[in-house]
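Residues in the sequence shown are numbered consecutively from 255, following this note's numbering.
Where is the CB? At the ideal position from N, CA and C, for every residue including glycine.
Right, one structure below, let's go through it.
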Amino acid sequence: MIDIHNHIIPGIDDGAVSLEQALAMLELAQADGIQKLVCTPHMHPGRFENNEGTIRPAFIGLQKQAAEAGLTIQLAMAAEVRFSDEMMFQLRKDEIPMIGQWEGFRCLLLEMPHQRIPVGMEQMLDWLYKREVRVVIAHPERNKELMSYPERVLPLVERGALLQLTAGSVAGLFGERAETTARWFVDRELVHFVASDAHHPVRRPPAMALAARTLNQWVGSEQCTQLTSENPDKLTQCLFGDAL
Ligand SMILES: [Fe+2]
């Protein structure tokens with residue numbers, strides 16, 4: 255499997271707090287059946303002031319330590335970008351590390367506020383699309399507005415957005431509403447990726463295998479493989495080089 259969303263780089267957001275914790279999470283990921291992992295720290299103005307310049311050195315440090323620790327999991331870097339006006343400036347200045355490419359478009363991993371779909375979301379997607387950028391929306395099933403009105407994701411999908419569910423939501427670890435909403439999206443074939451969004455080795459571990467078991471029951475092994483391996487591979491080939 256390939257994990258395209260997690261907070262394993264230590265000390266630059268609310269994920270791993272130390273190198274030891276980061277390495278423990280990588281070990282767990284490897285044991286969970288994850289062969290490739292894209293580190294995606296938060297870029298959240300006012301909270302986590304990250305950009306290409308802060309993420310890359312921290313990532314290179316982790317990659318080196320992981321190799322020295324004998325881990326075989328392959329690593330790449332991107333970011334989870336919070337919806338904000340600043341995104342437009344950062345994109346223009348090339349400060350956003352992209353999550354990959356999809357059908358000729360560059361893609362960025364986008365986080366919406368948890369309560370609602372932000373005002374201006376559709377316009378932002380149009381603005382990005384014109385610049386040949388599509389978004390991967392992180393965990394739409396955990397957005398309160400979409401939990402109540404899942405159909406409100408459709409105008410976003412029509413504007414080229416791809417959806418990424420959190421593995422824990424599929425496995426029921428984020429409550430019944432997140433699970434039901436996740437299922438609503440999966441049943442309508444609106445989802446492209448499932449990823450861990452791991453933050454901690456114990457409280458929020460990189461538990462993709464658990465989600466894969468549920469997905470197998472929901473939609474069968476072929477579609478499960480598509481969501482956890484094939485689509486993530488297609489998206490991130492430009493980050494890792496060759497295919498899985
Ligand atoms: Fe995240």
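Chain-ordered, the residues whose CB falls short of 7 Å from any heavy atom of ligand 1 come out as His259, His261, Thr294, His296, Glu334, Glu365, Ala392, Asp451.
For Phe447, the pairing in a beta bridge is given by DSSP as Gln418.
Taking C-alpha positions only, Glu303 is separated from Arg336 by approximately 11 Å.
Between Arg396 and Ala432, the C-beta gap is smaller than 8 Å, which places the two residues in contact. The three-state secondary structure of Gly354, taken from DSSP, is strand.
Here Ile391 carries a strand assignment [DSSP, helix/strand/coil]. Between Trp472 and Val448, the C-beta gap is not smaller than 8 Å, which leaves the two residues out of contact. Approximately 6 Å separates the beta-carbon atoms of His259 and Gln418; this is inside 8 Å, confirming the contact. Met331: member of the beta strand (DSSP E) spanning 328-331, first to last residue. Apart from sequence neighbours up to five positions away, the residues of its chain that approach Tyr383 with a beta-carbon distance below 6 Å are Gly414, ordered along the chain. In the DSSP assignment, the residues bridged to Ile256 are Lys290. Sequence-distant Cβ neighbours of Leu469 in its own chain, meaning closer than 8 Å and more than five residues away, are Val424, Val440, Val448, Gln477, Cys478, Leu481, Thr482. Secondary structure note for Val440: its alpha helix (DSSP H) is the uninterrupted segment 430-441. Here Asn485 has His446, Phe447 as same chain residues with Cβ atoms under 8 Å from its own Cβ, once five neighbours each way along the sequence are excluded.
For Arg360, the secondary structure class from DSSP, reduced to helix, strand or coil, is strand. Rounded to whole angstroms, Leu464 and Ile350 show a C-alpha spacing of 31 Å.
When secondary structure is reduced to three states using DSSP, Ala312 falls in the helix class. If the five residues before and after Ala278 are omitted, its C-beta is found closer than 7 Å to the C-beta atoms of Pro455, all from its own chain and listed in chain order.
Excluding residues up to 5 positions away in sequence, nothing lies with its Cβ nearer than 7 Å to the Cβ of Pro311 in the same chain. The closest CA to that of Gly358, considering only Pro367, Ala332, Arg388, Lys347, is found on Arg388. Between His393 and Thr420 the beta-carbon gap is near 5 Å, inside 8 Å, which marks them as a contact.
Between the alpha carbons of His453 and Glu386 lies a gap of roughly 30 Å. In terms of Cα proximity to Met366, the closest of Leu400, Ile266, Ile353, Glu306 is Leu400.
Residue pairing from DSSP places Arg336 in a beta bridge opposite Glu365. The secondary-structure analysis by DSSP pairs Phe343 with nothing; it has no beta-bridge partner.
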